[in-house]
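Peer 1: Pasting in a structure now, in structure tokens, and then I'll have a few things to ask.
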Amino acid sequence: MQNRRSILVFFIVILAVLLLILLADPLQLREPGSRSIALKNMEEVDRVVLVDSYNTTELIRSDAGWYLFGSEPVSPVAVENLLIAASRLEVGSILAYEEFKESVGTQEDNREITFFKGDKLMLAYGLKTMSGKFLLHPIPSERAYYVALPGYPDLDLDRVFSATPDHYREHLLIDLRPSDISSIEIDLASGEAFRFSQDPEGLITCDPLNDSTILPDGAANELSTKLLFSYFTSIRYEQRAGITADSLLLIDSLLVADLLLVADSLLVADTIPKKMATIGVTSYSGEHYSLQVFSYHTFPGSKADLFRALVLYNDEQDALFVNYIYLDVLMRGLSHYFGEK
Numbered sequence: 013m014q015n016r017r018s019i020l021v022f023f024i025v026i027l028a029v030l031l032l033i034l035l036a037d038p039l040q041l042r043e044p045g046s047r048s049i050a051l052k053n054m055e056e057v058d059r060v061v062l063v064d065s066y067n068t069t070e071l072i073r074s075d076a077g078w079y080l081f082g083s084e085p086v087s088p089v090a091v092e093n094l095l096i097a098a099s100r101l102e103v104g105s106i107l108a109y110e111e112f113k114e115s116v117g118t119q120e121d122n123r124e125i126t127f128f129k130g131d132k133l134m135l136a137y138g139l140k141t142m143s144g145k146f147l148l149h150p151i152p153s154e155r156a157y158y159v160a161l162p163g164y165p166d167l168d169l170d171r172v173f174s175a176t177p178d179h180y181r182e183h184l185l186i187d188l189r190p191s192d193i194s195s196i197e198i199d200l201a202s203g204e205a206f207r208f209s210q211d212p213e214g215l216i217t218c219d220p221l222n223d224s225t226i227l228p229d230g231a232a233n234e235l236s237t238k239l240l241f242s243y244f245t246s247i248r249y250e251q252r253a254g255i256t257a258d259s260l261l262l263i264d265s266l267l268v269a270d271l272l273l274v275a276d277s278l279l280v281a282d283t284i285p286k287k288m289a290t291i292g293v294t295s296y297s298g299e300h301y302s303l304q305v306f307s308y309h310t311f312p313g314s315k316a317d318l319f320r321a322l323v324l325y326n327d328e329q330d331a332l333f334v335n336y337i338y339l340d341v342l343m344r345g346l347s348h349y350f351g352e353k
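Note that the sequence shown covers residues 13 to 353 in our numbering.
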């Protein structure tokens with residue numbers, strides 16, 4: 013009888029243990045190497061290293077805030093988004109590490125992210141994009157996981173976990189990859205206005221936006237149009253110009269009406285801010301950015317600056333200084349895109 017009781021107690025204990033295993037988080041009990049894919053105690057992180065095939069970014073926290081490579085101030089929003097996303101990732105499904113290694117992805121879609129507290133490694137994993145889904149491999153681990161951020165189904169984790177240094181720099185205006193962009197609208201001072209649209213397969217088409225814009229015969233130059241879509245990565249401004257949007261728009265409206273032309277002189281048109289183009293870009297996720305570009309004159313009567321322009325960004329009420337290196341390639345006419353193949 014006593015033996016039977018002992019056996020019964022033994023089986024009850026075994027069943028209780030099995031029940032605990034079933035009720036507990038399976039990801040925490042199946043594999044010690046992957047107890048958690050989410051970052052714990054994000055407020056303790058003081059260094060983050062992100063590496064992909066082309067870039068290495070190191071974010072270091074000091075008493076004054078976060079710095080890129082320990083010296084250049086960064087956008088606190090970009091770093092906060094990174095840490096919050098890392099702390100809230102959840103597993104959707106599991107696969108073996110061999111499947112992770114064999115999964116197909118472009119080089120730029122693969123990155124490694126490491127979080128530190130002092131010299132202590134807090135968390136490290138590889139992250140890649142697979143057909144719009146995000147695949148994560150904790151280091152070290154024999155498993156990989158499809159992950160998501162609950163409550164943010166359309167959030168692009170590629171951008172949140174970007175290994176590109178420019179993504180974290182201050183003064184970032186637009187940071188879209190070519191594949192993110194659904195359309196680009198260009199309205200030039202010459203009167204030409206046109207739109208390039210891109211479908212999910214990457215096919216690009218062009219349409220006029222006013223009656224005076226006539227598309228050249230034939231197809232657009234594929235290389236030129238693809239390059240245009242690549243120019244919206246890491247567009248930044250230098251500083252605020254101290255010029256209001258209202259004043260720029262008022263001057264432009266008077267110029268359009270020829271009310272600022274004095275006698276037969278073109279002096280005014282050449283020496284005051286003049287709108288050069290309006291550029292709009294829309295992403296597949298619904299983001300829309302607008303850049304109204306004006307010439308900049310160092311002082312009244314001077315010629316336009318060759319290196320900087322004034323830009324009204326979205327609905328901002330103050331103009332920004334933006335380097336022409338970002339803008340010049342966005343203000344080309346149709347002849348550039350329909351030239352020699």
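Using N, Cα and C, we set each Cβ at its ideal position, and we do this for glycine too. Quick caveat, the model's predicted, so the values are computed rather than measured.
Excluding the 5 residues flanking N5 on each side, which residues of the same chain have their C-beta closer than 8 Å to its C-beta?
Peer 2: Any question about residue 5 goes unanswered here, given that the chain covers just 13 to 353.
Peer 1: For F319, I'd like the list of residues in its chain whose CB is within less than 6 Å of its CB, leaving aside the five on either flank, ordered along the chain.
Peer 2: Residue 319 sits at position 307 when you count from the first residue of the sequence shown. Contacts found: Y336.
Peer 1: By Cβ distance below 6 Å, which residues in the same chain neighbour E197 in space, the five residues on each side in sequence not counted?
Peer 2: By one-based count along the sequence shown, residue 197 stands at place 185. Contacts found: R207, G292.
Peer 1: For V60, I'd like the list of residues in its chain whose CB is within less than 6 Å of its CB, leaving aside the five on either flank, ordered along the chain.
Peer 2: On the sequence shown, residue 60 is found 48 positions in, with the first residue counted as 1. L71, F127.
Peer 1: Are the CB atoms of Y308 and L324 nearer to each other than 7 Å?
Peer 2: Position 296 of the sequence shown, counting from 1, holds the residue named residue 308. Position 312 of the sequence shown, counting from 1, holds the residue named residue 324. Against a cut-off of 7 Å, the Cβ pair of L324 and Y308 comes out as no contact.
Peer 1: Round the Cβ separation of Y157 and V91 to the nearest angstrom and send it over; I've been treating them as touching at under 8 Å.
Peer 2: Position 145 of the sequence shown, counted from the start, is the residue given in the question as residue 157. Position 79 of the sequence shown, counted from the start, is the residue given in the question as residue 91. Contact doesn't hold; Cβ gap of about 24 Å is too wide.
Peer 1: Measuring alpha carbon to alpha carbon, tell me which residue in P190, I247, D170 is nearest L303.
Peer 2: In the sequence shown, residue 303 corresponds to position 291, counting from 1. Comparing Cα-Cα distances from L303 to each of P190, I247, D170, the minimum goes to I247.
Peer 1: Hey, is the stretch 233 to 248 in contact with the stretch 186 to 205, meaning 3+ C-beta pairs nearer than 8 Å?
Peer 2: Touching, yes.
Peer 1: Give me whichever residues DSSP pairs with K129 in a beta bridge.
Peer 2: Position 117 of the sequence shown, counted from the first residue, corresponds to residue 129. K129 is bridged to K132.
Peer 1: Span of the alpha helix (DSSP H) holding N93?
Peer 2: Walking along the sequence shown from the start, residue 93 turns up at place 81. Element bounds for N93: 88 to 100.
Peer 1: So, with DSSP's three-state summary, where would you put I151?
Peer 2: Residue mapping note: residue 151 aligns to position 139 of the sequence shown, counting from 1. Three-state DSSP puts I151 in coil, outside helix and strand.
Peer 1: Which same chain residues, not among the five before or five after S265, have their C-beta less than 7 Å away from its C-beta?
Peer 2: Residue numbering aside, residue 265 sits at position 253 when the sequence shown is read from its first letter. Closer than 7 Å at the Cβ level, and outside the excluded window around S265, lies no residue.
Peer 1: Tell me the DSSP secondary structure of R189 in three-state form.
Peer 2: Counting from 1 along the sequence shown, the entry for residue 189 is found at position 177. Correct three-state label for R189: coil.
Peer 1: Roughly how many angstroms separate the alpha carbons of L161 and P150, rounded to a whole number?
Peer 2: Here residue 161 refers to the residue found at position 149 of the sequence shown. Here residue 150 refers to the residue found at position 138 of the sequence shown. Looking at the two C-alpha atoms, the distance is approximately 16 Å.
Peer 1: Assign F333 to one of two classes, buried (16 or more other C-beta atoms within 10 Å of its C-beta) or exposed (fewer than that).
Peer 2: By one-based count along the sequence shown, residue 333 stands at place 321. The residue is buried, with at least 16 neighbouring Cβ atoms inside 10 Å.
Peer 1: Alpha carbon to alpha carbon, how far is L200 from S295? Give it in angstroms, no decimals.
Peer 2: By one-based count along the sequence shown, residue 295 stands at place 283. By one-based count along the sequence shown, residue 200 stands at place 188. Going from the Cα of S295 to the Cα of L200 covers about 21 Å.
Peer 1: Check each candidate in L215, S209, T217, A205 and name the one with the smallest Cα separation from T225.
Peer 2: Translated into the one-based positions of the sequence shown, residue 225 becomes position 213. Nearest of L215, S209, T217, A205 to T225, Cα basis: A205.
Peer 1: Quick one: using the 10 Å Cβ neighbour count with 16 as the cut-off for buried, is F81 buried or exposed?
Peer 2: Translated into the one-based positions of the sequence shown, residue 81 becomes position 69. When all chains shown are included, F81 counts as exposed.
Peer 1: Looking at C-alpha atoms only, which residue of P228, S195, S202, G230 is the closest neighbour of I216?
Peer 2: Here residue 216 refers to the residue found at position 204 of the sequence shown. Comparing Cα positions, the closest option is S195.
Peer 1: Out of curiosity, what's the CA-to-CA distance linking Y249 and L184?
Peer 2: As a working note, residue 249 is residue 237 in the sequence shown. As a working note, residue 184 is residue 172 in the sequence shown. Approximately 7 Å between the Cα atoms of the pair.
Peer 1: For the candidate residues L227, G144, E182, L62, whose alpha-carbon lies nearest to that of L135?
Peer 2: For this step, residue 135 is matched to residue 123 along the sequence shown. Of the listed residues, the one whose Cα sits closest to L135 is L62.
Peer 1: Can you say whether I96 is buried or exposed, counting buried as having 16 or more other CB atoms within 10 angstroms of its CB?
Peer 2: Indexing the sequence shown from 1 puts residue 96 at position 84. Exposed, since its Cβ has fewer than 16 Cβ neighbours within 10 Å.
Peer 1: Provide the residue span of the alpha helix (DSSP H) that contains S236, from first to last.
Peer 2: Counted from its first residue, the sequence shown places residue 236 at position 224. Element bounds for S236: 234 to 242.
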